[in-house]
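To start, the structure itself, in structure tokens.
There are 2 protein chains.
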Amino acid sequence: DVVISLDRGDPKIYYTFWKNVDDKCKVTIKASDLMSYFADFDEGGVFYQLPEFSEAVHQVHRVVGNAVTEGRYIIGGTGSSQLFSVALCALASTVNVTPNNNMKKKQIPVVCAEPYYSCYEEALEEEKSEIYKWQGDANTFDEEGPYIEVVTTPNNPDGRLREPVVKKEGGMVICDLAYYWPQYTPITAPADYDVMLFTLSKATGHAGSRVGWAIVKDKEIALRMIKLMSLVTIGTCHEGQLRAAKILEFVANSYERLANGKLANGKLSNGNPEVMEQPLEKFFEFSHRMLAERWTRLRAAIKRCGAFNLPDYSPQYCKFMKKTSHPNPAYAWMELKTGEDAEKLMNELKIRTRAGPKFGVSSKYIRVSMLESDDTFNQFLERLSTLE
Amino acid sequence: DVVISLDRGDPKIYYTFWKNVDDKCKVTIKASDLMSYFADFDEGGVFYQLPEFSEAVHQVHRVVGNAVTEGRYIIGGTGSSQLFSVALCALASTVNVTPNNNMKKKQIPVVCAEPYYSCYEEALEEEKSEIYKWQGDANTFDEEGPYIEVVTTPNNPDGRLREPVVKKEGGMVICDLAYYWPQYTPITAPADYDVMLFTLSKATGHAGSRVGWAIVKDKEIALRMIKLMSLVTIGTCHEGQLRAAKILEFVANSYERLANGKLANGKLSNGNPEVMEQPLEKFFEFSHRMLAERWTRLRAAIKRCGAFNLPDYSPQYCKFMKKTSHPNPAYAWMELKTGEDAEKLMNELKIRTRAGPKFGVSSKYIRVSMLESDDTFNQFLERLSTLE
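Chains B and R, in that order, are what the protein sequence lines are.
Per full-length UniProt numbering, the first sequence starts with residue 1, numbered consecutively.
Per full-length UniProt numbering, the second sequence starts with residue 1, numbered consecutively.
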């Protein structure tokens with residue numbers, strides 16, 4: 001048997017949806033298109049950002065209802081990972097940093113409740129910033145003074161809904177909402193934090209585009225972030241923005257068709273589905289169904305196997321789906337009942353997973369991607385069954 | 001009169017070339033294309049990099065003869081600016097950094113001979129790395145121990161050819177070759193440094209794509225850079241890579257048509273120019289001619305005006321053009337003869353330029369982009385003439 005990888009969140013599960021609309025949702029870029037550094041000449045605009053990208057981000061959040069965007073800055077990045085660093089740097093640099101008598105500058109602590117997304121720690125330790133540093137679990141954080149708490153909700157790896165846990169004076173929050181989309185969790189209210197991060201990878205499955213966006217309330221923080229983006233990478237790839245705009249608009253338009261045959265953006269569709277060129281099953285219905293089916297199959301397999309615990313999630317009313325639905329997290333957070341090393345057991349089955357210690361917790365846990373291809377997911381269940 | 005901007009190097013000068021081949025050199029991306037994080041599954045490949053991008057980079061350097069790429073790692077980045085940070089971080093982290101008794105970690109000094117590219121200093125001061133720091137002019141650098149020297153050749157802002165100036169033990173070099181292309185300077189030999197940076201912006205004028213690449217000799221440094229790229233942005237935008245591959249291949253193919261009617265890559269062209277779909281004047285001939293014309297006009301205008309000095313550049317034999325040619329730098333580095341503030345004078349003419357102090361030198365200097373649109377360049381000469 002070959003090794004199968006479920007350790008990354010490569011969103012192959014959405015491929016068949018997009019394959020079906022390949023030509024209806026394509027972009028063509030001519031030799032002289034998108035040549036300039038500059039894409040938005042509006043006062044107050046983000047110079048490197050295509051206006052249609054900003055507009056598509058506003059539109060999709062308006063349609064899904066998962067984040068407040070009115071009056072906020074939309075700042076594109078090379079995936080949300082770049083925006084995470086840029087937001088940390090912008091927030092940390094607003095704090096008055098005075099070198100103490102050891103001549104060592106104070107680094108602002110960055111914390112996140114465990115289990116936390118493994119890449120936060122890894123990225124911060126490799127970046128080696130002078131003004132902020134990774135300080136691990138937010139639950140045990142008890143220093144005075146400024147700090148930054150990362151709130152990932154729904155959480156990666158365990159799918160739980162979260163709020164800040166530290167709640168001290170001087171606290172700043174970055175809210176990572178990569179998975180706050182209807183296929184993963186019921187949308188109960190628009191998220192409303194000072195700095196919110198989203199990524200195309202997990203919204204629609206276009207991970208290769210490396211397109212993320214921050215929604216930022218405070219003008220000073222937003223301008224610092226734009227300044228940093230301009231210095232670090234002179235903005236982001238315009239081709240990626242164009243593609244993201246097309247994809248997001250395609251998804252949003254499929255829900256914004258109004259009874260009078262007009263789209264919410266004022267374009268006439270003649271009430272004719274042909275004109276809309278939309279598939280019968282829309283994106284969030286497709287992706288929710290796919291994930292729900294996988295979760296049902298996984299829970300059955302885990303029950304038969306008997307070796308693991310899975311978290312339970314309560315159903316909630318989803319304002320977007322207009323019905324009560326169950327969360328279907330992007331990852332299965334599996335706990336080996338014996339308390340032994342779960343990654344080791346999986347390695348014996350030639351299944352590559354991500355081990356608990358990378359998320360700040362015990363090795364009895366592993367994170368398994370629910371977003372891989374059908375083939376990989378089926379293989380995974382089959383190999384699990386050998387433990388029965 | 002409206003303000004005209006010649007302070008950035010937005011390469012609008014190449015627009016008309018690409019406009020003429022708009023449909024011959026376009027890319028179409030379907031809804032399900034480029035979805036995965038992964039693009040190269042080869043052992044030893046860069047996981048996020050399209051093989052056609054790596055191949056196009058090899059091909060264009062082979063054709064132009066401006067850099068050694070055989071046996072080197074090609075590492076794509078979001079513009080060369082991202083790769084600059086990533087290379088600094090990779091190089092600095094190879095050095096054994098021991099905190100001294102002040103508990104302050106040693107930051108590796110980063111130097112560059114003045115006048116140096118303004119963004120190096122700005123980027124390093126905003127990034128606030130714990131392991132390296134900007135230390136200004138390489139000519140006056142006299143510390144012991146490890147350091148990193150940035151060698152920009154031809155130099156931004158003054159167009160001079162350069163070599164390392166510090167040459168001490170423990171020195172590491174990053175060579176920024178953004179302007180080492182035939183339109184700017186004669187190609188005398190393939191560049192052969194340990195870490196070399198290039199960017200699509202200045203090679204072909206596609207600045208909005210934010211595509212750069214590093215050519216790296218040492219395996220350990222290359223692997224550190226790839227690791228950093230994977231943590232900071234999980235690679236680069238695949239749409240941008242696809243576009244860059246198309247553009248670079250288009251340019252390279254126009255020079256690789258062989259006498260036997262085959263392209264160097266083995267594809268048959270039937271010896272028929274139609275099949276190649278190439279314009280009559282190829283890219284480097286077009287861009288060299290455009291820049292040479294502008295330099296001739298600028299030198300005449302400066303002579304009439306009398307207020308400024310311009311650097312002189314010696315002609316050299318260009319192995320690519322197969323003739324002796326004059327350098328045509330991307331920027332005019334203008335010195336106000338009176339020694340007064342040159343930016344101030346330009347501001348009075350409503351011409352936005354970049355002032356000497358940003359490059360580490362006197363305010364009598366300004367950098368003026370030679371890459372702007374015809375309209376802006378003509379306006380610039382017209383306003384200069386009012387000083388006569």
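All C-beta atoms, glycine included, are put in the ideal place defined by N, C-alpha and C.
Neighbourhood of GLU125/R by C-beta, 7 Å cutoff - its chain only, sequence neighbours within 5 removed: TRP134
Best match in GLU130/R, CYS119/R and TYR255/R for proximity to PRO109/R [C-alpha to C-alpha]: GLU130/R
Inter-stretch contact (C-beta, 8 Å, three-pair minimum) for the region 218-235 of chain B and the region 323-331 of chain B: no
Assigned secondary structure, VAL3/R (DSSP; H/G/I helix, E/B strand, else coil): coil
Chain-ordered residues of the region 206-239 of chain R with a beta carbon less than 8 Å from chain B: HIS206, ALA207, GLY208, SER209, ARG210, VAL211, LYS227, LEU228, LEU231, VAL232, THR233, ILE234, GLY235, THR236, CYS237, HIS238 and GLU239
Extent of the continuous alpha helix (DSSP H) to which GLU335/R belongs: Unbroken run through GLU335/R is the beta strand (DSSP E), 331-336; no alpha helix (DSSP H).
Chain-ordered neighbours of residue 395/R on chain B, where CB pairs are closer than 7 Å: Lying outside 1 to 388, the shown extent of chain R, residue 395/R is not represented and no answer is given.
Through-space distance from ASP23/R to GLY266/B, alpha-carbon basis: Note on GLY266/B: pLDDT 47, under 50, position unreliable in the model; no value is reported.
Closer than 8 Å to chain B by CB, GLY159/R: no
is_contact[GLU130/B, chain R] using C-beta, thresh 8 Å: yes
Cβ distance (whole Å) where LEU242/R is taken to contact LEU83/R below 8 Å: Rounded, the Cβ-Cβ distance is 19 Å, inconsistent with contact.
Helix, strand or coil at LEU371/B according to DSSP, with G and I counted as helix: coil
GLN107/B - DSSP class collapsed to helix/strand/coil: coil
7 Å Cβ cut-off: residues of chain R touching VAL21/B: ALA31
PRO190/R versus PHE198/R - alpha carbon distance: 13 Å
Minimum C-alpha distance to SER85/R - residue among ARG299/B, PHE286/B, LEU228/B and PHE308/B: LEU228/B
Option in TYR184/R, GLY235/R and GLN379/R with minimal Cα separation from GLN316/R: TYR184/R
Cutoff 8 Å: ALA39/B Cβ touching any chain R Cβ: yes
Assigned exposure category for ASN309/R - 16 Cβ within 10 Å defines buried: exposed
Cross-strand partners of LYS323/R (DSSP beta bridge): CYS318/R
Paired residues, beta bridge with ASN309/R - DSSP: GLU335/R
CB contact check: residue 445/R to chain B, cutoff 8 Å: The structure shown has nothing for residue 445/R, since chain R only spans 1 to 388.
Under 7 Å by beta carbon: chain B residues contacting CYS119/R: LEU231
Limits of the unbroken alpha helix (DSSP H) element including VAL135/R: As written in the sequence, residue 135/R is Gln, which differs from the Val given in the question. Counting along the chain, GLN135/R falls outside any alpha helix (DSSP H), though it belongs to the beta strand (DSSP E) covering 132-137.
Whether ILE215/B touches ALA87/B by CB criterion (8 Å): no
Cβ contact (3+ pairs, closer than 8 Å) linking the region 243-252 of chain R and the region 10-27 of chain R: yes
Backbone CA spacing between ARG294/R and PHE283/R [nearest angstrom]: 17 Å
Straight-line Cα distance separating VAL251/R from HIS61/R: 11 Å
Under 8 Å by beta carbon: chain D residues contacting ARG8/B: Looking for chain D here will not work: the only protein chains present are B and R.
Spatially closest choice to VAL150/R from PRO182/R, TRP181/R, GLU114/R and GLU169/R, by CA coordinates: GLU114/R
Cross-chain neighbours of ALA123/R in chain B, by beta carbon under 7 Å: LEU231 and VAL232
Selected residue, minimal CA-CA separation from LEU371/R, among SER32/B, HIS238/B, SER36/B and ASP10/B: SER36/B
Length at least 3, wholly inside the region 192-265 of chain B: the beta strand (DSSP E) runs in chain order: 195-199 and 211-216
Cβ shell of ILE174/B (< 6 Å), same chain only, five flanking positions each side left out: ALA87, VAL150 and VAL195
DSSP state of MET290/R mapped onto helix, strand, coil: helix
Residue environment, PRO11/R, which counts as buried when at least 16 other CB atoms sit within 10 Å: buried
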